[in-house]
Each structure stands twice: as C-alpha cells, then as structure tokens.
Amino acid sequence: MPPSAQQPKVSVKMVTYNHESFIAQAIESVLMQEVEFDYEIVIGEDSSTDGTRGIVLDYQKRYPDRVRLLLTDRNRGRRHNFLQTLKACRGKYVAMLDGDDYWTSPRKLQKQADFLDTHPGCAICFHNAVMIYENGKAPRLYHREKLKQILKLEDLLYGNIMPTCATMFRNHLFDEFPGLFDPLPFGDWPLQILNARHGDIGYLDEVMSVYRIHSGGLWSRGGEVSLEERIQQAKGIVAFYKAINQFLAYQYDRIIRGEILKQKKQIRRRQVEKIKRRIMTAFPRGYHLYRWLKDDAQA
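Numbering (our numbering), first residue to last: -18 to 280.
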C-alpha cells in the first residue's frame, strides 16, 4: 500500500547504535509487512562508530515516504535516543523494534493492529519471540509457558514479560516520561508500565519476531556479561523498582518489595562470587576459605 501524507496508523519505532551487521535485516523485516493501512518507520540513529548510519541513510533515500530518520550530532546515549524517537512517532499505534532484532511474520503489524482495534480495553499487545544466541547456544522461546490472553499491570511488576521486538501499544497515553525515571538505565519496561496504567495487556500466542542475544547488546549478552556487569544490572533493576513504587503511590508495595529483595540477594551472591574468584586467583590453595564464602552466599 503506497504511503500517505496523512497520519499513519502505525509508527515502527526503531533505535539503533553500532548495528551495522543487523540493521538492514531489521528494516527489511518491517518493509516486508503486508498491511491494509499506512505505516512509517522512525529510526533514531545515535552517531554509530561503524557503518550503521550509512545503511539507514541509504534506506531513507530508497524509501523517503516510509523511512524517517532522527540523526544525532554526537552520541547521546540509549535513553535519549529512546525518548526522542518515541516522541517523533505519529501513528495511532506504536510498534517497537531495536536495530539488532527482526520480525519473522509478514502479518505481524496487521495482526497486532487488528487486535488493538477489536480490544479497546487493551492499551498494549505483544506476542512470543524466539531468542537466538551469537555464541551458538540453541535458540529458545522467550515464553515457553502458556500465558493468559489478557494480563494486568501487576503482571509486569514480576519482570518485563514483553520482548521489545514483540510489542505494540496505543500512542499518546501519557504526556511526558516522568523525570523520576530519568536515572534508569533502560526505557522499555517503565514505558510499558506507564501504558498499562491505561488498559489491559493483550497476548497473541504466536512467534513473530527474533530477539537476538549477542556481545554488542546492552542487556542481552547472555554469557558474555561479567559478574560486575550483572551486579550493575541488578542495581539498575532495584533503582527501577524504587522509582516505579513511588510513581504508583505504593499501590503494589508488597509485590515490589518482594522483587527488590530478590535482586538484592542476587547482588550479594554475585559480590561474594567476585571475592571468591579473586581469592582463588591470588591463593590457588585457598579452598577452605572458598568453601566458607560459598556456604555464606547460600545461607
């Protein structure tokens, strides 16, 4: 369907940085969509140091009525890129796709837009995805268990159940991203909680995208992530829970405090593991001290 000068029904929000090896596949997976409405691809390119910018410029030149680019003059960071690209989306609905992931079903956009059209009580919908690993580990489903078709905000508080590459939501459900969330190291999870305050969450039990686990991913590097990075990730999640608890006026305080406790236990275990590794490196015969630290971490 030829693009229109009018407001598109769907905006595809894509943020990218140093995705030279992946970005073309991501864009092509959007361009293959078979839809009965107009859509736009809004790409936020954050001054990559590889060939990513050249690739997105080429696509914008080839598809000027479909692809809109937001190019930074210097690297502003993932959060800035995320928010500026989100603000630029004009569609009634917004579908999210990072530049290192891709869609596998040509009817993905149509199915999700149809779902939101026919379920006015839902603010968001998402589907299942396949996780593929750069290190050769066997692919697996993001959700291997059966999910309910309709979920609630509190389901999001136990973890981010929605892969970014699988999510579509109603645009303009809130005016501004709360400043309370500015220090957080990620935007996807708080965004979906903000959206879920305005309606239910719909789940389509189909696999329609790929979530890539690779060494360049900030939160998706699998076994490539060091102990210190995992500690910092857990601390970021604790900060998120504290911010969202305050934002939600402690309505879900019991759930959130329980999740904070889990993260703090993870932090403690990993800190003890770091100490253990240092001792074993410095004193290869320090087995008894290692056993004490291990038992203490499991206590």
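Idealized CB from N, CA, C, for every residue including glycine.
- Residue range 33 to 43 is occupied by the alpha helix (DSSP H) that includes G35.
- K127 counts as exposed, since fewer than 16 other beta carbons sit within 10 angstroms of its beta carbon.
- Along the region 133 to 172, the alpha helix (DSSP H) occurs as fully enclosed runs of 4 or more residues at 134 to 137, listed in sequence order.
- For R49, the uninterrupted beta strand (DSSP E) run begins and ends at 48 to 52, by DSSP.
- Contact between the region 223 to 238 and the region 151 to 168 is present: 3 or more CB-CB pairs across the two stretches fall below 8 Å.
- Note on P171: 16 or more other CB atoms within 10 angstroms of its CB, so buried under the neighbour-count rule.
- Assignment of alpha helix (DSSP H) within the region 190 to 263, counting only whole runs of 4 or more residues, yields 208 to 228, 234 to 263 in chain order.
- For A104, the closest of G32, A177, Y83 by C-alpha to C-alpha distance is A177.
- Assignment of S2 by DSSP, reduced to helix, strand and coil, places it in the coil class.
- If you draw a 10 Å sphere on the C-beta of P144, you find 16 or more other C-beta atoms in it, and that means buried.
- Three or more Cβ pairs closer than 8 Å define a contact, and the region 51 to 65 meets that threshold against the region 20 to 36.
- Ranked by Cα distance from L138, the first of F228, T262, R250 is F228.
- For K68, the uninterrupted alpha helix (DSSP H) run begins and ends at 59 to 69, by DSSP.
- Close CB contacts of D186 within its chain, under the 8 Å cut and outside five residues either way in sequence, are with H108, N109, K127, L128, Q130 (chain order).
- Under the Cβ criterion (8 Å, minimum of three pairs), the region 113 to 123 does not count as touching the region 80 to 98.
- In the three-state DSSP reduction, A119 falls in the coil class, being neither helix nor strand.
- The three-state reading of DSSP puts L185 in strand, counting E and B together.
- A residue is called buried once 16 or more other Cβ atoms fall within 10 Å of its Cβ, and P101, having fewer, is exposed.
- Distance check between A215 and each of Q247, A76, S190, K133 places Q247 closest, using alpha-carbon atoms only.
- For the set P45, Y114, M(-5), R34, the Cα lying nearest the Cα of R60 is the one of M(-5).
- Per DSSP, reduced to three states, the secondary structure at V16 is coil, with no helix or strand assignment.
- With 16 or more other CB atoms across the displayed protein chains lying within 10 angstroms of its CB, E21 is buried.
- Residue nearest to R151 within the set Y123, M189, R211, D181 is D181 (criterion: CA-CA distance).
- Taken through DSSP and simplified to helix, strand or coil, S10 comes out as helix.
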